[in-house]
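Positions 1 to 71 (the UniProt record's numbering) are the ones given, in order, by the sequence shown. The C-beta atom is built at its ideal place from N, Cα and C for all residues, glycine as well.
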Amino acid sequence: MRVRIVDHRGAMDRGEEPSSRTVEVAGLAPEVAGGLAAVVLGLPPAWPAPGPGEHRCPKAGGAVVVTLTDD
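The following block contains the structure:
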């Protein structure tokens, strides 16, 4: 599974490109991978992404997008 994190927080205000990271995650369920991504970004770990696809973190005002893919 691949987890891609795009963090838009503050980037638009500063006229910068959002930061983006992609991480290969082996052996983790999608909801665990999404929760791990939230922790890496310093967001509350209680936000797990429900499965593959694009998810916007509501606790960051939708400014953090986590995309989970099965490839």
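Where residue i and residue j are concerned, what is the direct C-alpha to C-alpha distance, given to the nearest angstrom?
i: Ala26; j: His8; result: 26 Å
i: Arg56; j: Val6; result: 10 Å
i: Val66; j: Ser20; result: 10 Å
i: Val64; j: Ala11; result: 11 Å
i: Asp13; j: Val40; result: 22 Å
i: Gly15; j: Glu54; result: 24 Å
Are the CB atoms of residue i and residue j nearer to each other than 8 Å?
i: Arg2; j: Glu24; result: yes
Assuming residue i contacts residue j under a Cβ cut-off of 8 Å, what Cβ separation, rounded to an integer in Å, is found between them?
i: Pro52; j: Leu36; result: The Cβ separation is near 15 Å, so there is no contact.
Based on the DSSP secondary-structure assignment, which residues constitute the bridge partners of residue i?
i: Asp7; result: Ser19, Val64
Please determine, among the options, the residue with the shortest C-alpha to C-alpha distance to residue i.
i: Asp70; options: Arg14, Gly15, Ala33; result: Ala33
i: Arg4; options: Gly15, Thr22, Ala63, Arg14; result: Thr22
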